[in-house]
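Chains A and B supply the protein sequences, listed in that same order.
Start counting the first sequence at 1; every next residue gets the next number (the working numbering).
Start counting the second sequence at 208; every next residue gets the next number (the working numbering).
Yeah, the Cβ is synthetic: ideal placement off N, Cα and C, and Gly gets one too.
Number of protein chains: 2
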Amino acid sequence: MTTILLRKGALTRQAILEHAARMASRVGLEGLTPDEMRRHAAAYRDRHGIPACDPLVEGVGPILAEIRRRFVDTVVKPALAAPRGEKRVRALFERWIEWPRSSGLAGCMFVALATELDDQPGPVRERLVQSQKDWLDVIANCVRTAVVEGDFRKEVDPEQFAHELYGIMLANHHAVRLLRDRKGVERTRRGFERLLEDARARPKARS
Amino acid sequence: MTTILLRKGALTRQAILEHAARMASRVGLEGLTPDEMRRHAAAYRDRHGIPACDPLVEGVGPILAEIRRRFVDTVVKPALAAPRGEKRVRALFERWIEWPRSSGLAGCMFVALATELDDQPGPVRERLVQSQKDWLDVIANCVRTAVVEGDFRKEVDPEQFAHELYGIMLANHHAVRLLRDRKGVERTRRGFERLLEDARARPKARS
Numbered sequence: 001m002t003t004i005l006l007r008k009g010a011l012t013r014q015a016i017l018e019h020a021a022r023m024a025s026r027v028g029l030e031g032l033t034p035d036e037m038r039r040h041a042a043a044y045r046d047r048h049g050i051p052a053c054d055p056l057v058e059g060v061g062p063i064l065a066e067i068r069r070r071f072v073d074t075v076v077k078p079a080l081a082a083p084r085g086e087k088r089v090r091a092l093f094e095r096w097i098e099w100p101r102s103s104g105l106a107g108c109m110f111v112a113l114a115t116e117l118d119d120q121p122g123p124v125r126e127r128l129v130q131s132q133k134d135w136l137d138v139i140a141n142c143v144r145t146a147v148v149e150g151d152f153r154k155e156v157d158p159e160q161f162a163h164e165l166y167g168i169m170l171a172n173h174h175a176v177r178l179l180r181d182r183k184g185v186e187r188t189r190r191g192f193e194r195l196l197e198d199a200r201a202r203p204k205a206r207s
Numbered sequence: 208m209t210t211i212l213l214r215k216g217a218l219t220r221q222a223i224l225e226h227a228a229r230m231a232s233r234v235g236l237e238g239l240t241p242d243e244m245r246r247h248a249a250a251y252r253d254r255h256g257i258p259a260c261d262p263l264v265e266g267v268g269p270i271l272a273e274i275r276r277r278f279v280d281t282v283v284k285p286a287l288a289a290p291r292g293e294k295r296v297r298a299l300f301e302r303w304i305e306w307p308r309s310s311g312l313a314g315c316m317f318v319a320l321a322t323e324l325d326d327q328p329g330p331v332r333e334r335l336v337q338s339q340k341d342w343l344d345v346i347a348n349c350v351r352t353a354v355v356e357g358d359f360r361k362e363v364d365p366e367q368f369a370h371e372l373y374g375i376m377l378a379n380h381h382a383v384r385l386l387r388d389r390k391g392v393e394r395t396r397r398g399f400e401r402l403l404e405d406a407r408a409r410p411k412a413r414s
């Protein structure tokens, strides 16, 4: 009896996952928000008489994998092709700030998922955390290279830099998406320049 | 016919709003996330045979008002009691970083709502945006006072400072809540000190 129930649960899960993956490849994720995600999954369940489960957690796994792939292709890889040092750090920033547009998604799915999942333990949350940590590592490594190249001071803490840059981008998201602040991007750029300025090996000090 | 339908819609809305307000006062908002909010509202609708509408938007109005009241009482008012200048800016920061704990809520409801509502036009979104802008204004005004008091340089842009401080707190939320980064708060403090350091009237320059 338990086995049958478990198998039924597994089949249900499989069906929803496949639906989510199909949907992701069909609509190409354009304009897909977690809310729409949930609505699609709920409608699918209703149509097939599948009992309620958490459609976000069930359906979001394949979507997350797809977004991650896109982020690597449109942000990480092209930025890493820039020359080592400050130029590469700047390339990361420029690609990242373009991401909500270049991703073809409605807003930043990572931010949406981070807020949805931050108190929901489980494999999807773990995957999201891993992808965020990987990204922070990429930034920190580029900063480390900039120190080695002599562009940044050797006292610069690469993880601290990555953490602060993350905050700058979250503030950008908040100002642009929620507050519709027309000066949002400009403020973000000024914050980034201040971060760079503090990190830079200072020729001014020598004058 | 239209009138009856409208009245029925208004009654439904009223019932859900009252339920949300009751629930908010009863459970005191402890541990209430937007997801639980949604689940409560959905269960209430099912019990009373009320047709589906958007429970988040319907139910969140009174909750938002209650959170805002708490934020003003536990963060804004006590911080504004601190001496004018850098001390007051620091008091804002200290009260703010304690807010997720002092609020008695699970995580920061403002962040959760900001992400949920950033692409959903409507009165609740407008109220949320207004409360965020009010808070940014409070910060900017304290920074302006610090300039007047001579604690900060006169070139400091108060709105820019507020924007960057907001990013520092969003990064704190991200690091602590999602990444469970044990160094998160320490990094946040270092980011804040760097922001202060840059804003400060520099006695070093005179040496």
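Using a cut-off of 9 Å between C-beta atoms, extract the partners of residue i located in chain B.
| i | result |
| --- | --- |
| R202 of chain A | Result: empty, since nearest Cβ-Cβ is about 13 Å, beyond 9 Å. |
Counting C-beta neighbours from all protein chains within 10 Å, is the total for residue i 16 or more, i.e. buried, or is it exposed?
| i | result |
| --- | --- |
| D151 of chain A | buried |
| E400 of chain B | exposed |
| V75 of chain A | buried |
| S25 of chain A | No answer about S25 of chain A holds up, because its pLDDT of 44 lies below 50 and its placement is not dependable. |
| G28 of chain A | With a pLDDT of 42 at G28 of chain A, under the threshold of 50, the modelled position of this residue cannot be trusted; read the value that follows with caution. By the neighbour-count rule (16 or more Cβ atoms within 10 Å), G28 of chain A is not buried but exposed. |
| G122 of chain A | exposed |
| E98 of chain A | exposed |
| A288 of chain B | exposed |
| P208 of chain A | Coverage of chain A is limited to positions 1 through 207, which leaves residue 208 of chain A absent and any answer about it impossible. |
| R101 of chain A | exposed |
| P158 of chain A | buried |
| R214 of chain B | Residue placement at R214 of chain B is flagged as unreliable, the pLDDT there being 39, under the threshold of 50; a coordinate-derived value is accordingly withheld. |
| E293 of chain B | buried |
| Q339 of chain B | buried |
| V392 of chain B | exposed |
| R187 of chain A | buried |
| D325 of chain B | buried |
| D181 of chain A | buried |
| R276 of chain B | exposed |
| L136 of chain A | buried |
Check the Cβ of residue i against every Cβ in chain A and list those closer than 8 Å, keeping chain order.
| i | result |
| --- | --- |
| G398 of chain B | Q160, H163, E164, G167 |
| A289 of chain B | Here the premise fails: no neighbours, minimum Cβ distance about 24 Å. |
| R394 of chain B | E159, Q160, H163, E164 |
Am I right that residue i and residue j are in contact with their C-beta atoms under 8 Å? What's the rounded C-beta distance?
| i | j | result |
| --- | --- | --- |
| Q167 of chain A | I346 of chain B | As written in the sequence, residue 167 of chain A is Gly, which differs from the Gln given in the question. Not really, about 15 Å apart at Cβ, beyond 8 Å. |
| L178 of chain A | A321 of chain B | 5 Å |
| R88 of chain A | T145 of chain A | 7 Å |
| L402 of chain B | L372 of chain B | 6 Å |
| V318 of chain B | H380 of chain B | 6 Å |
| V331 of chain B | L271 of chain B | 7 Å |
| H163 of chain A | A382 of chain B | 6 Å |
| Q160 of chain A | R397 of chain B | 6 Å |
Determine the chain B residues that contact residue i at a beta-carbon separation under 7 Å, and present them in chain order.
| i | result |
| --- | --- |
| R194 of chain A | D405 |
| L170 of chain A | G374, L377, A378, H381 |
| A114 of chain A | H381, L385 |
Mind pulling the chain B residues with CB within less than 8 Å of residue i?
| i | result |
| --- | --- |
| K133 of chain A | L386 |
| A140 of chain A | Simply none; closest approach about 12 Å. |
| D278 of chain A | In the structure displayed, chain A extends from 1 to 207; residue 278 of chain A sits before or after that span and is not available. |
Could you tell me which chain A residues have their CB closer than 7 Å to the CB of residue i, listed as they occur along the chain?
| i | result |
| --- | --- |
| V336 of chain B | L178, L179 |
Determine the chain A residues that contact residue i at a beta-carbon separation under 9 Å, and present them in chain order.
| i | result |
| --- | --- |
| D344 of chain B | Neighbours of D344 of chain B on chain A: none; closest Cβ ~12 Å, over 9 Å. |
| R358 of chain B | One point to set straight first is that residue 358 of chain B is Asp, not Arg, in the sequence displayed. By Cβ distance, chain A contributes nothing, its closest Cβ being about 19 Å from D358 of chain B, past 9 Å. |
Could you pull out every unbroken alpha helix (DSSP H) segment of at least 4 residues lying fully inside the segment 274-319 of chain B, listed in chain order?
284-287, 293-309
At 4 residues or longer, and completely inside the segment 338-390 of chain B: list those alpha helix (DSSP H) runs for me, N to C.
365-380
Pair every Cβ in the segment 193-202 of chain A with every Cβ in the segment 146-160 of chain A, then say whether three or more of these pairs are closer than 8 Å.
yes
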